[in-house]
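Line by line, the protein sequences are chains A and B. Numbering of the first sequence is given in this note's numbering, commencing with residue 881 and proceeding in unit increments. Numbering of the second sequence is given in this note's numbering, commencing with residue 17 and proceeding in unit increments. Just so it is clear, CB atoms sit at the ideal spot from N, CA and C, and this is done for glycine as well. Computed from a predicted structure; not experimentally measured.
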Amino acid sequence: DGGITQSPKYLFRKEGQNVTLSCEQNLNHDAMYWYRQDPGQGLRLIYYSQIVNDFQKGDIAEGYSVSREKKESFPLTVTSAQKNPTAFYLCASSIALGAGTYNEQFFGPGTRLTVL
Amino acid sequence: GQNIDQPTEMTATEGAIVQINCTYQTSGFNGLFWYQQHAGEAPTFLSYNVLDGLEEKGRFSSFLSRSKGYSYLLLKELQMKDSASYLCAEDPGNTPLVFGKGTRLSVIA
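1. Hey, does TYR913(A) have any beta-carbon neighbour from chain B nearer than 9 Å?
2. When you compare the CB of TYR88(B) with every CB in chain A, is at least one pair closer than 9 Å?
3. Our contact map puts PRO108(B) next to ASN46(B) with C-beta atoms below 8 Å; I'd like the distance itself, whole angstroms only.
4. What is the DSSP secondary structure of LYS894(A), reduced to helix, strand or coil?
5. Around the Cβ of LYS117(B), are there at least 16 other Cβ atoms within 10 angstroms (buried) or fewer (exposed)?
6. Taking ASP107(B) as the query, report the chain A residues whose CB atoms sit under 8 Å from its CB, ordered along the chain.
7. Contact criterion: CB-CB distance below 9 Å. Does LEU828(A) meet it with respect to chain B?
8. For the region 58-82 of chain B, which residues have a CB atom closer than 8 Å to at least one CB atom of chain A, in sequence order?
9. Could you have a look at LYS97(B) and say whether DSSP puts it in helix, strand or coil?
10. How long is the line joining the alpha carbons of LYS889(A) and ARG82(B), rounded to whole angstroms?
11. Which residues mark the beginning and the end of the beta strand (DSSP E) in which VAL946(A) is found?
12. For PHE986(A), decide whether its Cβ has a neighbour in chain B, counting only Cβ atoms nearer than 9 Å.
13. In chain order, what residues of the same chain have a beta carbon less than 6 Å from the beta carbon of LYS950(A), not counting five sequence neighbours either side?
14. Within the continuous beta strand (DSSP E) that includes ILE975(A), where are the two ends?
15. Secondary structure at THR24(B), three-state DSSP: helix, strand or coil?
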């Protein structure tokens with residue numbers, strides 16, 4: 881079964897600790913994305929990657945870091961510099977990203993991070 | 017920049033029809049998506065429009081007017097399970113989808 885997996889579904893951390901959220905896809909997609917969603921809010925883009933070993937900042941990248949060492953994997957680290965890390969984090973992927981291409985995004989189940 | 021506007025909340029009765037509107041502004045346009053998101057879950061794809069007109073898919077239809085920067089999602093024969101948030105997302109093409117804040121639809125008996 882092809883899809884996107886995120887683990888864990890729920891994560892608790894103490895304030896001041898870095899935490900890494902995993903995202904894996906076996907859809908053979910080139911592009912991957914990380915979004916943050918807060919109650920009553922839409923999806924806000926944190927980082928995205930169009931190809932292995934390359935990534936770009938989204939609208940709210942401060943306090944986050946990513947890596948893209950493998951096509952299948954796009955982990956997100958929430959650092960202690962992120963002022964309000966408690967949120968629902970969604971990872972997504974698409975076949976590619978570009979003008980004239982079909983850019984439907986497929987989403988993982990999400991990780992709900994709570995910082996105590 | 018890109019600005020997606022859609023109503024925050026709507027309520028409709030089981031069996032009725034509801035229309036959720038979305039307006040967008042962009043200098044580049046590659047298509048418009050609608051996603052459904054149940055509380056605590058991931059968004060799932062509903063529809064995609066790139067040309068003007070109506071795309072029908074079962075109980076759900078989506079309309080696009082590129083000249084007006086306007087789309088709507090039409091849900092017919094509403095069921096309780098349709099209670100969810102509906103996200104409008106504009107595809108600029110060379111950069112990731114831009115999502116609206118979503119419209120929370122409550123279906124009541």
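The short version:
1. For the purposes of this step, residue 913(A) is taken as the residue at position 33 of the first sequence. Judged by the 9 Å Cβ criterion, TYR913(A) is in contact with chain B.
2. As a working mapping, residue 88(B) is identified with position 72 in the second sequence. For TYR88(B), the answer is no, since every Cβ of chain A falls outside 9 Å of its Cβ.
3. If you number the second sequence from 1, residue 108(B) lands on position 92. If you number the second sequence from 1, residue 46(B) lands on position 30. Indeed they touch by this definition, with Cβ atoms about 6 Å apart.
4. Taking the first sequence and counting its residues from 1, one reaches residue 894(A) at position 14. DSSP places LYS894(A) in coil when its eight states are reduced to three.
5. Residue numbering aside, residue 117(B) sits at position 101 when the second sequence is read from its first letter. By the 10 Å Cβ count, LYS117(B) comes out buried.
6. Here residue 107(B) corresponds to residue number 91 of the second sequence, with the count starting at 1. Correct list: ASN983.
7. Residue 828(A) lies beyond the residue range present for chain A, which begins at 881 and ends at 996; the question has no answer from this structure.
8. ALA58, PRO59, THR60, PHE61 and TYR64
9. Translated into positions along the second sequence, residue 97(B) becomes position 81. Residue state, collapsed to three classes: helix.
10. Taking the first residue of the first sequence as position 1, residue 889(A) is located at position 9. Taking the first residue of the second sequence as position 1, residue 82(B) is located at position 66. Their backbone Cα atoms lie some 39 Å apart in a straight line.
11. The count along the first sequence starts at 1 and reaches residue 946(A) at position 66. Note, VAL946(A): beta strand (DSSP E), 944-946.
12. As a first step, residue 986(A) must be located in the first sequence, where it is residue number 106. Cβ-Cβ to chain B under 9 Å: yes for PHE986(A).
13. Sequence index remark: in the first sequence, residue 950(A) carries index 70 (1-based). Answer for LYS950(A): no residue qualifies.
14. As a working mapping, residue 975(A) is identified with position 95 in the first sequence. Neither: ILE975(A) is in no beta strand (DSSP E) and is coded neither H nor E.
15. Sequence index remark: in the second sequence, residue 24(B) carries index 8 (1-based). It is coil, neither helix nor strand.
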